[in-house]
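In the numbering used here, the protein residues as written are 7 to 770.
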């Protein structure tokens, strides 16, 4: 069995996805209609299950695996936390992001089933006793983990996988004695402290309490999950004559644990603790079992995103695990020292324990030494992992490292969200592409088919009209549906370079103002995404976007030729509306910073052309479709590295490029913030003096490339031909292919092609 551990799953809505996968959509639609109801209205009532970051949706990226394994017939369990409040609801108030609690459970969750019979204890704090009988972790504080199961059905096959989410409960809910003497707060204090563990996704970790709560969350899901896995392993009778398994020799043959990023890294010392302290397995044998069982997926190359926990926090919260990590690190360093005698600097670089003013545990290093496989999520990302992030580890164990390029599920991201396009495709090549996305290649035969070109363009325009109506209804914003829908929707972060998009919007605005009589390609720039609550610069970027939009959208000289819209509260259900309507997909991160991305793939399969850098999965998209069929611009990874060596000087670009200088001066002078002229001084200061992601270095190439976009958009036939080629070449980016590769290369399982008829058809 495959066990996928992640602190985040961005499920979105379940109703429509379940109907599609079970083949019941038409039957349900008819039944609802006969009741006098509207299925679309019913679907809109369902809350998004936002148990992760907006970028990490339910496919094969961050937090994206188990809901795709079911379509390849792979038996898998997804494990995570049932957050009472998911990713926050974003409100824009006076241009600023304001976070509101996402009370997604306020009406209950009909898709889940509580499983109190499998409730498990999780221990924190305490001390370690070394006794003749072995090591004991004693005097701990206990929190109970209550599982809630959500079924995840495959697409018209015989597989239903399970996502099990843990909710924290106190062993003693209510202290009646405290209550009876009038201490009402103390009476429920223990319960509240325990339940805080599963209260909120992303507690603000700018403070010690937030950091400690985050570490508690990570251990909570790991401890409960491993107990559950071992219970299932012991009780499984398959291939075992004993009533209960007691031998762990076959554990790695029966169990594969995939660690999604560093958040579940504590699985490694926790599995060692259970095997050695509880099951009395020999230390070396336990280490062999642990390494053969665990595999690690890395999702970032940004140093600040690789977790490093203070040793002092571990010492207090998880004392036994700290001892185990020290012992594992010593074994690891002894091996390195034997292979590289005298190389003290290598030992320092490869240690799990980082020395300094504050000793820290490098969780990524722990994942690497405790796993039998380490993978990146796009080829360029995996190369950076091998040659930079984990260079020393790759030299030590090159066979451990591999690539598994992300994918998206075509059921949700084509069939469900863009049924018009799916129907047009099915008319030409049949419905086989739904379960085998590589069949989209057959569309290459229809690139010059005038009927098909017209049908694809018609579907796109219908989607744009529908989304324009949605914007007018929900956001009270009126846009020109004939304009180019230029979309950048993703987490707000400096490396994703929403600021480059802003500079382009300002440049277009200035060109229109300078020559109002000139013909311009009408463009609606839409930017959406959430900023982490404690990330000041990301929040400033949102304020800048909304301020630019306020000026441009209300300028009578501009009219319908240019609009800048910030899509408030971007989430899966909104993505399902905007992605099918997009003409242009912006994937403009600095080369070498984006691990993969999955939004780029969703736009590609839905008929948007990509403007982007050679970063993440963009590289493989360009290979599949041909670089000439994407709008590629800017520095490559080697150019960024060369610029770093030479020294990046933003002022050089500022002084050389008049349009860039004008845009920055407008931001700096308060042109876009007349009520607070100094509002964006932090943004300008960062761009001019502290920009790690080199926005100015790519500005000139980006503006030129956007000019090429305009030229092609004025030729609808040629534009649509490129769209068709992109759709036809998107087959590689299916999560089915990704899961199959994980299964064969990491988990040691083959996908099942066995299917049964859908429930709405009679069986033989």
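Beta carbons: idealized from backbone N, C-alpha and C, even for Gly.
Residue-chain proximity (residue i, chain D), Cβ-Cβ < 9 Å
i           : result
residue 584 : The chain labelled as chain D is not found in the depicted structure, where only one protein chain is given.
Collapsed DSSP secondary structure at residue i in the structure displayed
i           : result
residue 379 : strand
residue 725 : helix
residue 482 : coil
residue 24  : helix
residue 86  : strand
residue 423 : coil
residue 121 : coil
residue 685 : coil
residue 586 : helix
residue 229 : helix
residue 289 : helix
residue 130 : strand
residue 720 : coil
residue 305 : coil
residue 526 : coil
residue 69  : Reliability of the predicted coordinates at residue 69 is poor, the pLDDT of 36 falling under 50, and no value is obtained from them.
residue 139 : coil
residue 452 : helix
residue 700 : coil
residue 62  : For residue 62, the pLDDT reaches just 38, beneath the cut-off of 50, and the residue's location in the model is therefore unreliable, although a value from the coordinates is still provided. Here residue 62 sits in coil by DSSP.
residue 533 : strand
residue 315 : strand
residue 144 : strand
residue 359 : strand
residue 777 : Absent from the structure is residue 777, since the part of the chain shown begins at 7 and ends at 770.
residue 253 : coil
residue 694 : helix
residue 351 : helix
residue 635 : helix
residue 756 : coil
residue 300 : strand
residue 17  : strand
Residue from the options with nearest C-alpha to residue i
i           : options            : result
residue 508 : 493, 521, 519      : 493
residue 405 : 427, 381, 422, 420 : 381
residue 450 : 737, 742, 115      : 737
residue 467 : 654, 284, 523, 586 : 586
residue 398 : 386, 371, 424      : 371
residue 261 : 8, 573, 633        : 8
residue 95  : 537, 20, 177       : 537
residue 491 : 578, 505, 523, 527 : 527
residue 365 : 515, 410, 319      : 319
residue 29  : 118, 225, 417, 354 : 417
residue 165 : 229, 354, 81, 470  : 81
residue 126 : 519, 23, 226, 316  : 226
residue 338 : 352, 325, 326      : 352
residue 51  : 113, 310, 614      : 113
residue 92  : 178, 160, 173, 162 : 173
residue 745 : 433, 411, 215      : 411
residue 120 : 139, 170, 144, 98  : 170
Integer-rounded CB distance, given that residue j should sit under 8 Å from residue i
i           : j           : result
residue 532 : residue 571 : 5 Å
residue 26  : residue 421 : 6 Å
residue 240 : residue 200 : With 8 Å as the limit, residue 240 and residue 200 do not qualify as a contact, their Cβ atoms being about 27 Å apart.
residue 58  : residue 16  : 4 Å
residue 101 : residue 553 : 6 Å
Short Cβ contact (9 Å threshold) for residue i with residue j
i           : j           : result
residue 307 : residue 391 : yes
residue 627 : residue 641 : no
residue 12  : residue 211 : no
residue 415 : residue 740 : yes
residue 148 : residue 128 : yes
residue 408 : residue 379 : yes
residue 649 : residue 700 : yes
residue 579 : residue 19  : yes
residue 333 : residue 276 : no
Continuous alpha helix (DSSP H) stretch holding residue i: start and end
i           : result
residue 631 : 624-631
residue 50  : 45-51
residue 437 : Here residue 437 belongs to no alpha helix (DSSP H), and DSSP marks it neither H nor E.
residue 610 : 605-611
residue 514 : 504-520
Proximity test, residue i beta-carbon vs the ligand FMN heavy atom, cut-off 8 Å
i           : result
residue 496 : Among the ligands in the structure shown, none appear at all, so the ligand FMN cannot be discussed.
Start and end residues, beta strand (DSSP E) containing residue i
i           : result
residue 153 : 147-159
residue 572 : 568-573
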